[in-house]
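Sequence lines, in order, name chains L and V. Counting in the numbering used here, the first sequence runs from 677 upward without gaps. Counting in the numbering used here, the second sequence runs from 314 upward without gaps.
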Amino acid sequence: MTLLLQAPPPEAAPGHETAAGQGGPAEVIMHHVTDQPFFGLPSKHLAFFVLAALLVILIVRLAIRSYRGGTIPKGFGAAVEALVLFIRDEVAEPNIGHGDARRFTPLLCSFFFFILVAALLGLVPLPGYTNGQWSFVGTTSTGNLAVTMGLALVSFAAQQYAGISKYGLVRHFRNLVPPGLPVVLLPIMVPVEILSMFTKPFALMIRLFANMLAGHMVITTLLLLIALMGQVSWVGGALMTPVSIGLAVFIMLLEILVAFIQAYIFTLLTAIFIGMYAHPAH
Amino acid sequence: MDPKVMAYFAAGIGAGLTIIGGAAGIGRLAAAAMEGIARQPNAAGDIRGAMIVAAGLIEGVTFFALIVTILLAIKG
């Protein structure tokens with residue numbers, strides 16, 4: 677089941693839409709956004725996840741090298757430094773603050789750069805050739821629930837570490853309830869607070885996963901319209917191609933914006949939650 | 314009625330309701346942001362940043378509902 681990028685000759689279209697229910701549009705869309713084996717590796721999302729991590733390490737190495745022993749980086753390092761300073765001064769300091777921001781800034785930078793690179797990597801249309809047909813390899817690894825669950829678990833662990841390392845295990849949980857609360861409210865507050873401790877990373881996970889998944893499904897659907905119209909007659913396919921590709925390019929531009937915004941929101945919310953557990957007085 | 318038919322029907326109605334809630338919320342947010350920028354144009358940068366963050370959060374909630382709808386349509 678592959679997706680052709682140019683206007684298809686009509687004999688290639690039946691490859692994946694022979695009859696309704698047999699490789700129909702829903703199956704093609706799900707096939708393109710879910711995980712599959714990839715060149716012998718068990719999982720495509722895993723391969724791209726590792727590739728995104730390696731790219732982040734490469735970016736950071738290149739940025740460090742451009743310092744050349746001084747304190748003012750040139751070129752690429754300046755761009756990376758701008759982003760890192762943005763995270764330290766706009767995300768970590770206002771939300772964590774009180775001297776703890778430096779400790780958590782590396783973690784927040786890791787989240788931001790990883791989510792950004794993984795999302796942008798998913799937008800690169802890499803052509804591939806398998807089984808005699810061209811196809812569209814390349815996928816957003818954060819569009820997989822397991823990957824975002826991993827990120828959310830690391831965020832959860834960071835929040836708990838922030839509280840427990842400052843206050844110890846028991847006081848961290850006692851800090852959940854604000855001081856000076858009437859005792860009658862305790863049976864309501866404690867379960868709510870403990871539940872909210874778990875729903876926060878859950879919401880982070882679902883938000884990132886759904887944003888990345890929805891973007892890819894929309895792009896796949898738009899490009900699939902070419903093949904669908906081409907099934908009726910090849911004139912329909914040829915006419916549909918510029919429209920679909922135009923719309924798909926617009927959605928990809930929107931996806932770039934969404935990638936930045938989602939990376940920023942994940943990092944910002946993690947910083948806010950860490951601040952809430954590290955300094956619960958407010 | 315066939316449960317499969319009802320699942321697709323429910324998915325369609327669910328998607329419509331989801332978009333009503335999401336678009337209404339983000340529309341009100343955008344209106345308030347426009348008004349704030351109109352009153353104080355030199356606060357435009359801060360207002361824009363806060364607007365983007367709030368829009369991202371509201372969309373996150375909308376996507377919760379959207380995932381449920383998609384599950385209904387795919388598995389139904």
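We put the CB at the ideal spot given by N, CA and C, even for glycine.
At least one C-beta of chain V is nearer than 8 Å to the C-beta of Gln938(L). For Leu342(V), not one C-beta of chain L is nearer than 8 Å to its own C-beta. Taking a Cβ-Cβ threshold of 9 Å, none of the residues of chain L is close to Gly335(V); the smallest such distance is about 12 Å. Ile387(V) has a beta carbon lying within less than 8 Å of a beta carbon in chain L.
Excluding sequence positions up to five before and after Pro354(V), its CB lies less than 7 Å from no other CB in the same chain. By the neighbour-count definition (other C-beta atoms within 10 Å, threshold 16), Gly856(L) is an exposed residue. Look at the region 876-907 of chain L: the residues with a C-beta under 7 Å from a C-beta of chain V are Ala879, Ile882, Arg883, Ala886, Asn887 and Ala890. Two segments are said to touch when three or more pairs of C-beta atoms, one from each, lie closer than 8 Å; by this definition the region 812-831 of chain L touches the region 875-883 of chain L. Within the region 363-385 of chain V, the residues whose Cβ lies closer than 9 Å to any Cβ of chain L are, in chain order, Ile365, Val366, Ala368, Gly369, Leu370, Glu372, Gly373, Val374, Thr375, Phe376, Phe377, Leu379, Ile380 and Ile383. Within chain V, the residues placing a beta-carbon under 8 Å from that of Ile941(L) are Val366, Gly369, Leu370 and Gly373, ordered along the chain. Scanning chain V for C-beta atoms nearer than 9 Å to the C-beta of Met706(L) yields Ile387, reported in chain order.
For Ala947(L), there are no neighbours in chain V by C-beta distance under 9 Å, as the nearest C-beta there is about 12 Å away. Neighbours of Ala702(L) in chain V, taken as residues at a C-beta separation under 7 Å, are given in chain order as Ile387. Nearest in C-alpha terms to Thr897(L), of all of Ser872(L), Ser909(L), Leu915(L) and Ile927(L), is Ile927(L). The alpha-carbon of Ala739(L) is positioned some 14 Å away from that of Cys785(L). The straight-line gap separating the alpha-carbon atoms of Pro867(L) and Val736(L) is approximately 42 Å. The CB of Leu944(L) comes closer than 8 Å to the CB of Val366 in chain V, given here in chain order.
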